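Sequences listed follow chains A and B, in order. Sequential numbering from -5 applies to the first sequence in the working numbering. Sequential numbering from -5 applies to the second sequence in the working numbering.
Number of protein chains: 2
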Amino acid sequence: MWVVAQQQARAVETRAQIVRGAAETFEKQGYVGASLGTIIENAGLTKGALYFHFRSKEELARCIVAEQHATSIASVEAIGREQAPAIEQIVMLCHEMARQIVHDPIVRAGIRITLELSADEQGPADPYLDWINTCEQLARRAIVQGDLTPDIDPPRFARFVIGAFTGVQTVSQVLAQRTDLEQRVDDMWMFLLPGIVPAERHPDIDRIRKARSVGAPLARVDAQLPPRG
Amino acid sequence: MWVVAQQQARAVETRAQIVRGAAETFEKQGYVGASLGTIIENAGLTKGALYFHFRSKEELARCIVAEQHATSIASVEAIGREQAPAIEQIVMLCHEMARQIVHDPIVRAGIRITLELSADEQGPADPYLDWINTCEQLARRAIVQGDLTPDIDPPRFARFVIGAFTGVQTVSQVLAQRTDLEQRVDDMWMFLLPGIVPAERHPDIDRIRKARSVGAPLARVDAQLPPRG
Chain A
-5 MWVVAQQQAR AVETRAQIVR GAAETFEKQG YVGASLGTII ENAGLTKGAL YFHFRSKEEL
55 ARCIVAEQHA TSIASVEAIG REQAPAIEQI VMLCHEMARQ IVHDPIVRAG IRITLELSAD
115 EQGPADPYLD WINTCEQLAR RAIVQGDLTP DIDPPRFARF VIGAFTGVQT VSQVLAQRTD
175 LEQRVDDMWM FLLPGIVPAE RHPDIDRIRK ARSVGAPLAR VDAQLPPRG
Chain B
-5 MWVVAQQQAR AVETRAQIVR GAAETFEKQG YVGASLGTII ENAGLTKGAL YFHFRSKEEL
55 ARCIVAEQHA TSIASVEAIG REQAPAIEQI VMLCHEMARQ IVHDPIVRAG IRITLELSAD
115 EQGPADPYLD WINTCEQLAR RAIVQGDLTP DIDPPRFARF VIGAFTGVQT VSQVLAQRTD
175 LEQRVDDMWM FLLPGIVPAE RHPDIDRIRK ARSVGAPLAR VDAQLPPRG
């Protein structure tokens, strides 16, 4: 029994190693450009080990998008547990997405696969829909809490926020290899908040803008500002 | 002499045919995924005809990005000639980018190539920089004209606007194959304008939001609204 458990643990580790290696290859070479040969080479494994876990490149790609999905759901739930006003949680959401993109190769590979597959057919939209749905629910709560002007339509607002974030990170990737992403997301809220927060709550804008998830590492832009509290 | 001119005209037409065919292939299969073989097949030409004009796939891709660049410069100049306030020209700029993406396969191919090449190294950033620089100049003029709050930093604002537009179109692509792009760009300005236009100009927001370039076809969202005037 113990030998079986040990074998299973090794299989789980090998699978994770394949997925990490594949993510790096997909991120650099794209879904179409990445070959199973290169993925095997980058993961430092044999063909047999890979085929034991995955039947095809498509199955690997699907697994990466599913892991990206799971990561986003986990962080969305973590943000939901924060004791912060909903408008601050929306700001946290964007900084958390930025953090994942910068630090998690599986998230970056998932984004690249999603974009590539959605160019000619309906691609995997789940990760976008997760963030949009969460943002929509937070927007509804923020309206009730008086932090978002009541004439804002939550579904359209959520779609805009996730869209704006997505492109802010794309332009940061093209122009600065994402090194300025944290600063650019902060800019986004600087331009957006005055128009969506009711006038009587404008004194709170600075606090809202600086909101970060407790779980997330301290953001560079925050380090230059006085501590919250 | 007349025969030479005729031959030249035919060469120009063949070249344009190759570029259009290549753009469609790059858009669907990406830079890495597209082979010269498929490009030749899609363009309905011989290998010899292609190699007479282009030495490699890279040269073709470079040509498409350059054409995208030329298209964006031409439309930026056309918008610059409009007799509209600068803030309206910024709105026009976004709707013009949307129109080009929906209607011009060379622009779509250029975007895909840019994104793909910028994933592992510094990709061609020119098309983004064109729009950002134009938007920055318009933002400076809009501040002077009193339509943009003076504490807005034009370079950061321009980068945000082009970034937000970029992602709004990405999410529209993933979720709706870009069929709702015009409406989503209109949403973007609905959420953004109240926070960036000084309070005393708020009565103008509706007019600013409806601004469209005269050269551009009437937008769907405009068709539901009373005519400008």
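Think of the CB as a built atom: it goes at the ideal place given N, C-alpha and C, for glycine as much as any other residue. Only a predicted model underlies this, so the values are computations on that prediction, with no experimental measurement involved.
Between L132 of chain A and chain B, is the shortest Cβ-Cβ distance under 8 Å, so that the two count as touching? Locating residue 132 of chain A in the first sequence gives position 138, counting from the first residue. Not closer than 8 Å to any Cβ of chain B, the Cβ of L132 of chain A fails to qualify, so no.
Start-to-end residues for the alpha helix (DSSP H) that takes in L186 of chain B: Here the question's residue 186 of chain B lines up with position 192 in the second sequence. In the DSSP assignment, L186 of chain B falls within the alpha helix (DSSP H) that extends over L175 to I190.
So, is the C-beta of L219 of chain B closer than 8 Å to a C-beta in chain A? Position 225 of the second sequence, counted from the first residue, corresponds to residue 219 of chain B. Because the pLDDT of L219 of chain B is 36, which lies under 50, any placement of that residue in the model is unreliable, and the question is left without a value.
Return the CA-CA distance between A80 of chain A and A205 of chain A, expressed in angstroms with no decimal places. By one-based count along the first sequence, residue 80 of chain A stands at place 86. By one-based count along the first sequence, residue 205 of chain A stands at place 211. The alpha-carbon atoms of A80 of chain A and A205 of chain A are separated by roughly 11 Å.
For V74 of chain B, which of B:G31, B:G104, B:Q131 and B:I107 has the nearest alpha-carbon? Reading the second sequence from its first residue, position 80 is the one you call residue 74 of chain B. Looking at the sequence itself, residue 74 of chain B is Gly, so the reference to Val does not match. Selection B:G31, B:G104, B:Q131 and B:I107 evaluated against G74 of chain B yields B:Q131 as nearest (Cα-Cα).
List the whole-angstrom C-beta distance separating L169 of chain B from Y45 of chain A, where the pair is believed to meet the contact cut-off of C-beta under 8 Å. Numbered from 1 along the second sequence, position 175 holds the residue referred to as residue 169 of chain B. Numbered from 1 along the first sequence, position 51 holds the residue referred to as residue 45 of chain A. A Cβ-Cβ distance of about 34 Å is found for the pair L169 of chain B and Y45 of chain A, leaving them out of contact under the 8 Å criterion.
Start and end residues, alpha helix (DSSP H) containing P144 of chain A: Taking the first residue of the first sequence as 1, we reach residue 144 of chain A at position 150. Here P144 of chain A belongs to no alpha helix (DSSP H), and DSSP marks it neither H nor E.
Below 8 Å on C-beta distance, what does A119 of chain B contact in chain E? Reference to chain E is not applicable here, since the protein chains of this structure are A and B.
Determine the direct distance from the alpha carbon of A(-1) of chain A to that of A16 of chain A, and round the result to whole angstroms. In the first sequence, residue 16 of chain A corresponds to position 22, counting from 1. In the first sequence, residue -1 of chain A corresponds to position 5, counting from 1. Going by C-alpha positions, A16 of chain A is about 26 Å away from A(-1) of chain A.
P79 of chain A by DSSP, collapsed to three states: which one? What you label residue 79 of chain A is simply residue 85 of the first sequence in a count that begins at 1. In the structure shown, P79 of chain A sits in coil (DSSP, three-state: anything other than H, G, I, E or B).
From the beta carbon of Q62 of chain B, is the nearest beta carbon of chain A less than 8 Å away? Walking along the second sequence from the start, residue 62 of chain B turns up at place 68. Not a single C-beta of chain A is nearer than 8 Å to the C-beta of Q62 of chain B.
Would you say L109 of chain A lies against chain B (beta-carbon separation less than 8 Å)? Taking the first residue of the first sequence as 1, we reach residue 109 of chain A at position 115. With 8 Å as the cut-off, L109 of chain A counts as an interface residue toward chain B.
With contact counted as at least three CB pairs below 8 Å, one residue from each stretch, are the segment 171 to 186 of chain B and the segment 95 to 104 of chain B in contact? For the pair of segments examined, the segment 171 to 186 of chain B was found to touch the segment 95 to 104 of chain B: the number of CB pairs separated by less than 8 Å reaches three.
Would you call T40 of chain A buried or exposed, if buried means 16 or more other Cβ atoms sit within 10 Å of its Cβ? Here residue 40 of chain A refers to the residue found at position 46 when the first sequence is read from its first residue. With fewer than 16 Cβ atoms within 10 Å of its Cβ, T40 of chain A is classed as exposed.
Given this structure, state the Cα-to-Cα distance separating E82 of chain A from P192 of chain B, to the nearest angstrom. Position 88 of the first sequence, counted from the start, is the residue given in the question as residue 82 of chain A. Position 198 of the second sequence, counted from the start, is the residue given in the question as residue 192 of chain B. Taking the straight line joining both Cα atoms gives about 25 Å.
At a Cβ cut of 9 Å, what residues of the segment 21 to 45 of chain A count as close to chain B, listed as they run along the chain? The segment 21 to 45 of chain A vs chain B, Cβ under 9 Å: E21, K22, Q23, G24, Y25, V26, G27 and A28.
Do we get a CB-CB distance below 8 Å when we pair Q182 of chain A with the residues of chain B? By 1-based counting over the first sequence, the position of residue 182 of chain A is 188. One detail in the question is off: residue 182 of chain A reads as Met in this sequence, not Gln. Judged by the 8 Å Cβ criterion, M182 of chain A is in contact with chain B.
Contact set between L142 of chain A and chain B, taken where Cβ atoms lie within less than 8 Å: Residue 142 of chain A sits at position 148 when you count from the first residue of the first sequence. At a C-beta separation below 8 Å, L142 of chain A has no neighbours in chain B, since its nearest C-beta there lies roughly 11 Å away.
Quick check: F151 of chain A and F159 of chain B, are their CB atoms within less than 8 Å of each other? Mapped onto the first sequence, residue 151 of chain A falls at position 157. Mapped onto the second sequence, residue 159 of chain B falls at position 165. With contacts defined by Cβ atoms closer than 8 Å, F151 of chain A and F159 of chain B do not form a contacting pair.
Exposed unless 16 or more other CB atoms sit within 10 angstroms - verdict on Q163 of chain A: Looking up residue 163 of chain A in the first sequence gives position 169. Buried: at least 16 other Cβ atoms inside 10 Å.
Contact between the segment 20 to 29 of chain B and the segment 105 to 112 of chain B: three or more CB pairs below 8 Å? The segment 20 to 29 of chain B is in contact with the segment 105 to 112 of chain B.
Counting only Cβ pairs nearer than 8 Å, list the residues of chain A close to F48 of chain B. In the second sequence, residue 48 of chain B corresponds to position 54, counting from 1. Taking a Cβ-Cβ cut-off of 8 Å, F48 of chain B has no neighbours in chain A, whose nearest Cβ is about 20 Å from it.
Where the alpha helix (DSSP H) containing Q62 of chain B begins and where it ends: In the second sequence, residue 62 of chain B corresponds to position 68, counting from 1. Taken as a continuous stretch (DSSP letters only), the alpha helix (DSSP H) holding Q62 of chain B covers K51 to G74.
The alpha helix (DSSP H) enclosing K41 of chain A, as first and last residue numbers: As a working mapping, residue 41 of chain A is identified with position 47 in the first sequence. Counting along the chain, the alpha helix (DSSP H) containing K41 of chain A begins and ends at K41 to H47.
Is DSSP giving V208 of chain A helix, strand or coil here? Taking the first sequence and counting its residues from 1, the one referred to as residue 208 of chain A is at position 214. Correct three-state label for V208 of chain A: coil.
What is the C-beta distance between D124 of chain B and V70 of chain B, in whole angstroms, given that I count them as a contact (C-beta under 8 Å)? Counting from 1 along the second sequence, the entry for residue 124 of chain B is found at position 130. Counting from 1 along the second sequence, the entry for residue 70 of chain B is found at position 76. The C-beta separation of D124 of chain B from V70 of chain B comes to about 6 Å, placing the pair in contact by the 8 Å criterion.
How many angstroms separate the CA atom of S29 of chain A from the CA atom of F20 of chain A? In the first sequence, counting from the first residue as 1, residue 29 of chain A sits at position 35. In the first sequence, counting from the first residue as 1, residue 20 of chain A sits at position 26. Counting only the Cα atoms, F20 of chain A lies some 9 Å from S29 of chain A.
Which residues in chain B have a C-beta closer than 8 Å to the C-beta of L186 of chain A? List them in chain order. Here residue 186 of chain A refers to the residue found at position 192 when the first sequence is read from its first residue. Proximity of chain B to L186 of chain A at the Cβ level (cut-off 8 Å) is accounted for by F185, L186 and G189, in chain order.
Just confirm the distance between the C-beta atoms of A136 of chain B and I84 of chain B, as a whole number of angstroms; I'd bet it's less than 8 Å. Counting from one through the second sequence, the residue named residue 136 of chain B turns up at place 142. Counting from one through the second sequence, the residue named residue 84 of chain B turns up at place 90. Confirmed, about 7 Å.
Just to confirm the assignment, what range does the alpha helix (DSSP H) spanning A103 of chain B have? Stepping through the second sequence from its first residue, residue 103 of chain B is reached at position 109. Residues P99 to L111.
Backbone CA spacing between T65 of chain A and M91 of chain A [nearest angstrom]: As a first step, residue 65 of chain A must be located in the first sequence, where it is residue number 71. As a first step, residue 91 of chain A must be located in the first sequence, where it is residue number 97. Whole-angstrom Cα-Cα distance: 10 Å.
Does the beta carbon of G157 of chain B come closer than 8 Å to any beta carbon on chain A? Against the second sequence, residue 157 of chain B aligns to sequence position 163. With respect to chain A, the C-beta atom of G157 of chain B has a partner C-beta closer than 8 Å.
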